[in-house]
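To start, the structure under review is shown below, and the notes come after it.
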Amino acid sequence: MADTIFGKITRGEIPVDFVYEDDHCVAINDINPQAPVHILVIPRKPISRLVDATTEDQVLLGHLLMAVGNITRQLGVDEGFRVVINNGEGGGQTVFHLHLHILAGRTMAEGELSQGIQ
Ligand code: 5GP
Numbered sequence: 001m002a003d004t005i006f007g008k009i010t011r012g013e014i015p016v017d018f019v020y021e022d023d024h025c026v027a028i029n030d031i032n033p034q035a036p037v038h039i040l041v042i043p044r045k046p047i048s049r050l051v052d053a054t055t056e057d058q059v060l061l062g063h064l065l066m067a068v069g070n071i072t073r074q075l076g077v078d079e080g081f082r083v084v085i086n087n088g089e090g091g092g093q094t095v096f097h098l099h100l101h102i103l104a105g106r107t108m109a110e111g112e113l114s115q116g117i118q
């Protein structure tokens, strides 16, 4: 896959404060937040889209969700947050390096799912 801004960030080539990091992923604040807390969880392994993950990535995908738990607990928002993955242009994906959005700090109203992320 083509390199992206998230590839450069995960490799440390662009200085960005990590909200969280471990051997397999990093988390950063979104540059254009859609909620008071808007964090991106990005695997160090570049996978373009969720649908491009293979069985080889099963453990990594689970790891990313476990990281969400750790991050939200760390920030004290674990009682109310939303996780979004945009897949493909039709799904609103703009950076083609898999990432999870964590949105928190405001009420996530039922029915606004499609408005949560541009
Ligand atoms: P997508 O639309 O691909 O699901 O989400 C990409 C997200 O990355 C957007 O919410 C956008 O604001 C964020 N983003 C794009 N470029 C940068 C950047 O250079 N730094 C940070 N922190 N966020 C970025």
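Last residue of the sequence shown? That's 118 in our numbering, and every number before it is there in order.
Where a beta carbon is used, it is the ideal one built from N, C-alpha and C, also for glycine.
Checklist entry - On the premise that residue 106 lies in contact with residue 33, defined as a C-beta separation below 8 Å, what is that separation, rounded to the nearest angstrom? => result For a cut-off of 8 Å, the C-beta gap from residue 33 to residue 106 is around 10 Å, too long to register as a contact.
Next on the checklist: Does the distance between the C-beta of residue 95 and the nearest non-hydrogen atom of the ligand 5GP fall short of 7 Å?
Outcome noted: The beta carbon of residue 95 sits closer than 7 Å to at least one heavy atom of the ligand 5GP.
Item to check | N-terminal and C-terminal residue of the alpha helix (DSSP H) that residue 63 is part of | outcome: Taken as a continuous stretch (DSSP letters only), the alpha helix (DSSP H) holding residue 63 covers 58-75.
Checklist entry - Does the Cβ of residue 29 have 16 or more other Cβ atoms within 10 Å, making it buried, or fewer, making it exposed? => result When all chains shown are included, residue 29 counts as exposed.
Checklist entry - Taking the alpha carbon of residue 7 as the point to measure from, which residue in 104, 99, 60, 69 has its own alpha carbon closest? => result It is 99.
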